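Asker: One structure, pasted below without further comment.
2 protein chains.
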Amino acid sequence: MKQLGNDAPEPVIAAPATINDVAQLAEVSRATASRVLGEYGAVKAETRATVLAAAAELGYVANVIARSMRAGTTQTLGLIIAEIGLSVFDTAMRVVIDSARAHGYQVLVANTNEDLEAERTSIRVMLEKQVDGLIVVPSSVTDLDFLSAAGLRGRPVVLLDRTLALPLSSVTGDNRQGAKDAVAHLLDRGHTKIGLVVFTANIQGATGERPAGLISSINDRVEGYYEAMAQAGIEVAPSWVHYAGDAGESARAAVEAILNSENRPTALLASNANMSLAVLRAVKARGAAIGQDVSLIGFDDAPWASIITPSLTIVNIPIEAMATAAVDNLIGQISADVRSKGSVVLPMNLVLRESVADLRPTSTL
Amino acid sequence: MKQLGNDAPEPVIAAPATINDVAQLAEVSRATASRVLGEYGAVKAETRATVLAAAAELGYVANVIARSMRAGTTQTLGLIIAEIGLSVFDTAMRVVIDSARAHGYQVLVANTNEDLEAERTSIRVMLEKQVDGLIVVPSSVTDLDFLSAAGLRGRPVVLLDRTLALPLSSVTGDNRQGAKDAVAHLLDRGHTKIGLVVFTANIQGATGERPAGLISSINDRVEGYYEAMAQAGIEVAPSWVHYAGDAGESARAAVEAILNSENRPTALLASNANMSLAVLRAVKARGAAIGQDVSLIGFDDAPWASIITPSLTIVNIPIEAMATAAVDNLIGQISADVRSKGSVVLPMNLVLRESVADLRPTSTL
DNA sequence: ACCAAAATTGAGAACGATCTCAGAAAAAGT
DNA sequence: ACTTTTTCTGAGATCGTTCTCAATTTTGGT
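Protein sequences appear in the order of chains A and B.
Residue 3 in numbering that gives the first Met the number 0 is what sits at position 4 of the first sequence, and the numbering runs on without skipping anything.
Residue 364 in numbering that gives the first Met the number 0 is what sits at position 365 of the second sequence, and the numbering runs on without skipping anything.
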């Protein structure tokens, strides 16, 4: 298109133009070019035009890395997610990324798959990459060294969805209340034998007794369940509560175990979206029907929760608000330079749908 | 805990230690410290130990930004996703992030929400941030300037899921074949009146005639549908095909329009997971049943597709393999410095489940 | 004990921007 | 025309690394 005849084999990709190249072409000093390109200071209109033209001609793209080194800020946030693919975290990612962008930040994302070692190295790498702040969904409640003040080297952090025993900002949902509301609803509908299936990484499958080391969100849900049952004066049978270490076979086994127990619950509370899916799968596999043979309440309003039949009654996690708050808090810490460490706990609300059977004797209304 | 009595109000956070500080404390030159910390060159064991001790004492964390400036490489990949929250892309993100990490790269993620302007600026910012390469799910088929050779300034790029009319590497699924297989299956089951509901951003709702500017994946699916119908000798009624610009109201209206048309299709092909969800929602809303009143085949094996009742027959997008291939291709381009531009098209396979009714006359078997 | 070879170290220049400070040019005041 | 401002510009330091190159020390051979 440009030149016929001597068809050269694609022009060799020239080294990207630097501000020096622009300055040279515009016949001004580097400082002046920087003023124009960085839009600060005073530059004669004429000079500005020349520089801009030179930049355009060279296709100049600023090297933000170099700028960052001088400025000491990278306009980059680190986001450490425990499990990409889990509805609630996917939404969190979307909101964090979009919200950060609105504030002029980009987001470096890491996925730990609930693995502590992955989390450790991801945090280290992000610190090395000089992120201005970190949003972390911590995957473990132990080994907090790398999230301690020393480990963080003073960089602002906000924990999302899960808290730790550390003086760090955090934004979580009121998991305990959410679980209590769910149990209360089941009780209200006449259920008394209520099971609990918990999905939890890093923990060996345990039955009945509550294992130590649960991440805070799950731990609070479990506590809420027990608390609500206790308040209702119902003794929880050990066979009603099962823990699964993965969303596949282990989860299936846990659900099966509950459904096969002699004193079988009429309703189940699933600890997260993956566990809801596992229950759905197991129930479908044995040819039973949710809402009839067994009622179910899950956590997390995944996109499919409302369209399945029967639609799933869930405890909604206000993850969009949580993620937004996390970004706001983080950027507050960054810009105000104030350690505005605060813990925000947002309420969860029960969304009633069709997966809970009404066991009350027919009303005499 | 550390010191009772004079409880100082948290030690002031010292400026992070640089390699100079380490060198100074270890009483060696910056160069030697760098050799130890960077693990290259020859350093006396004794000196090494001293430096290491100094680094540990100061809690030294390398400034990778500075290293990047010198090295000209950031070990960072850019990932530009058209829509976080859509199952297929969430999986792509997970795989890209995990796979990049395995190769020693971090990933900067941007979400365009199918918006061209967002894509444009995201790419610019990532280029400025000196990513070593980009994986892009392009949101538009027009305005390719910023993905042209000039716009990219020679940085390697791999297009994922969708191609463009540009000489860039790409990894896609065989959408046309997938659509054809889906239609073929429906035909095989005795359906002849087959509808198509298309979810597509950036396009005004159009009926019947195929709008220009569809992204390649969707375009290929539409073409595959028409092609399969034509091969079967079936003329597609204009009222069978609808386009929706959003997953909410517009999608509902499109599905309604098809279901209310006089020559109502007995089966629907939904262009992506969001559209499947929209069909499910609309059908549920009108009290009809999938697999009975209307059959459905979707694209993308979202986590819920197999657990709903009836489970959804889908065209599986091999997104994990695609994302892996994209990362491999990109890193190949980066490290080999060879423009190994290649287009990979992976096959899609139909996963038969329960959402397609068998309309064939009872077999005489 | 002496010299060559090998091992170890440090000084200083990059990388690409920004920013301070002082000097030059232009504008304004007398 | 000659100061006095004001506006504009450039030289050079700086950010934290890495890396080249030369200088120095150590080792080894005789």
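Beta carbons: idealized from backbone N, C-alpha and C, even for Gly.
Just so you know, these numbers come straight off a predicted model, no measurement behind them.
Taking the alpha carbon of E192 of chain A as the point to measure from, which residue in A:I217, A:L268 and A:V135 has its own alpha carbon closest?
Answerer: Per the sequence shown, the amino acid found at residue 192 of chain A is Lys instead of Glu. It is A:L268.
Asker: Please classify P264 of chain B as buried or exposed, where buried requires at least 16 other C-beta atoms within 10 Å of its C-beta.
Answerer: Buried, by the Cβ-count rule.
Asker: Which residue from A:A81, A:I64 and A:E222 puts its Cα closest to that of T75 of chain A?
Answerer: Answer by Cα proximity: A:I64.
Asker: Name the DSSP bridge partner or partners of N348 of chain B?
Answerer: In DSSP, N348 of chain B forms a bridge with B:N315.
Asker: When you compare only the Cα positions, how much space is there between I96 of chain B and P317 of chain B?
Answerer: If I take the Cα positions, the gap works out to 17 Å.
Asker: For a contact meaning CB atoms closer than 7 Å, what does D89 of chain B contact in chain A?
Answerer: The answer, in chain order, is I83, G84 and D89.
Asker: Starting from the beta carbon of A61 of chain B, find every residue of chain A whose beta carbon is closer than 7 Å, and list them in chain order.
Answerer: Those are E127, listed as they occur along chain A.
Asker: Quick one: what does DSSP say I296 of chain B is sitting in, helix, strand or coil?
Answerer: Residue state, collapsed to three classes: strand.
Asker: In the DSSP assignment, what are the bridge partners of Y242 of chain B?
Answerer: Answer by DSSP bridge pairing, in chain order: B:V197.
Asker: Taking CB distances under 9 Å as the criterion, tell me whether P317 of chain A reaches chain B.
Answerer: Judged by the 9 Å Cβ criterion, P317 of chain A is not in contact with chain B.
Asker: With 9 Å set as the bound, which would you pick, yes or no: does the beta-carbon of N5 of chain A sit closer than that to a beta-carbon of chain B?
Answerer: Any reading at N5 of chain A must be qualified, since the residue scores a pLDDT of 41, below 50, and its modelled position is unreliable; the value itself is stated next. Chain B contact via Cβ: absent.
Asker: Nearest chain B C-beta to S138 of chain A closer than 9 Å, yes or no?
Answerer: Answer no: the Cβ-Cβ gap between S138 of chain A and chain B never drops below 9 Å.
Asker: Let me know if P346 of chain A comes out buried or exposed under the rule of 16 or more other beta-carbons within 10 Å of its beta-carbon.
Answerer: When all chains shown are included, P346 of chain A counts as exposed.
Asker: Going by C-alpha to C-alpha distance, which of B:N62, B:R93, B:V196 and B:S270 sits closest to V314 of chain B?
Answerer: The candidate whose alpha carbon is nearest that of V314 of chain B is B:S270.
Asker: At what residue ranges does the stretch 88–121 of chain A contain a whole run of the alpha helix (DSSP H), taking only runs of 4 or more?
Answerer: Qualifying alpha helix (DSSP H) stretches: none in this window.
Asker: Can you tell which of A:V130, A:L311 and A:A53 has its C-alpha closest to the C-alpha of T72 of chain A?
Answerer: Checking every option, the nearest Cα to that of T72 of chain A belongs to A:V130.
Asker: In the DSSP assignment, what are the bridge partners of L78 of chain B?
Answerer: According to DSSP, L78 of chain B bridges with B:V108 and B:I134.
Asker: Looking at the secondary structure, which residues open and close the beta strand (DSSP E) in which T171 of chain B lies?
Answerer: Unbroken beta strand (DSSP E) run through T171 of chain B: S168 to G172.
Asker: Quick one: grab the DSSP three-state call for V157 of chain A.
Answerer: Strand at V157 of chain A.
Asker: With a 10 Å radius around its C-beta and 16 neighbouring C-beta atoms as the bar for buried, classify D357 of chain A as buried or exposed.
Answerer: That one is exposed.
Asker: Just confirm the distance between the C-beta atoms of L107 of chain B and K128 of chain B, as a whole number of angstroms; I'd bet it's less than 8 Å.
Answerer: Going by Cβ atoms, the distance from L107 of chain B to K128 of chain B rounds to 7 Å, so yes, they are a contact pair.
Asker: Can you check which of these residues, B:V94, B:I18 and B:A91, is closest to R66 of chain B by C-alpha distance?
Answerer: The shortest Cα separation from R66 of chain B among B:V94, B:I18 and B:A91 belongs to B:I18.
Asker: Mind checking L166 of chain A: buried by the 16 CB within 10 Å criterion, or exposed?
Answerer: Before going on, a small fix: residue 166 of chain A reads as Pro here, not Leu. So P166 of chain A ends up on the exposed side.
Asker: Judging by CA-CA distance, which residue of B:S275, B:T46, B:I257 and B:V157 is the nearest neighbour of M321 of chain B?
Answerer: M321 of chain B has its Cα closest to that of B:V157, out of B:S275, B:T46, B:I257 and B:V157.
Asker: Can a CB atom of chain A be found closer than 9 Å to the CB of A250 of chain B?
Answerer: No, A250 of chain B lies away from the interface with chain A (no Cβ there is under 9 Å from its Cβ).
Asker: Within the continuous beta strand (DSSP E) that includes L85 of chain B, where are the two ends?
Answerer: Taken as a continuous stretch (DSSP letters only), L85 of chain B belongs to no beta strand (DSSP E), as it is neither H nor E.
Asker: Helix, strand or coil, according to DSSP, for A301 of chain B in the structure here?
Answerer: Of the three classes helix, strand and coil, the one that applies to A301 of chain B here is coil, per DSSP.
Asker: Quick one: is D142 of chain B near chain A, going by C-beta distance under 9 Å?
Answerer: Answer no: the Cβ-Cβ gap between D142 of chain B and chain A never drops below 9 Å.
Asker: Please report the straight-line C-alpha distance between A252 of chain A and D20 of chain B, rounded to a whole angstrom.
Answerer: Answer to the nearest angstrom: the Cα atoms are 56 Å apart.
Asker: Given a limit of 8 Å on CB to CB distance, which residues of the stretch 86–116 of chain A reach chain B?
Answerer: Those residues of the stretch 86–116 of chain A that come within reach of chain B (Cβ to Cβ, closer than 8 Å) are D89, T90, M92, R93, I96, D97, R100, Q105, V106, L107, V108, A109, N110 and N112.
Asker: Is it the case that the Cβ atoms of S294 of chain A and R352 of chain A are separated by a distance below 9 Å?
Answerer: No, these two residues do not count as a Cβ contact at 9 Å.
Asker: Mind listing the chain A neighbours of A65 of chain B? Cutoff is C-beta to C-beta under 8 Å, in chain order.
Answerer: Per Cβ cutoff of 8 Å: M68.
Asker: Closest Cβ-Cβ distance between S121 of chain B and chain A: below 9 Å?
Answerer: It does: the Cβ of S121 of chain B has a partner Cβ on chain A nearer than 9 Å.
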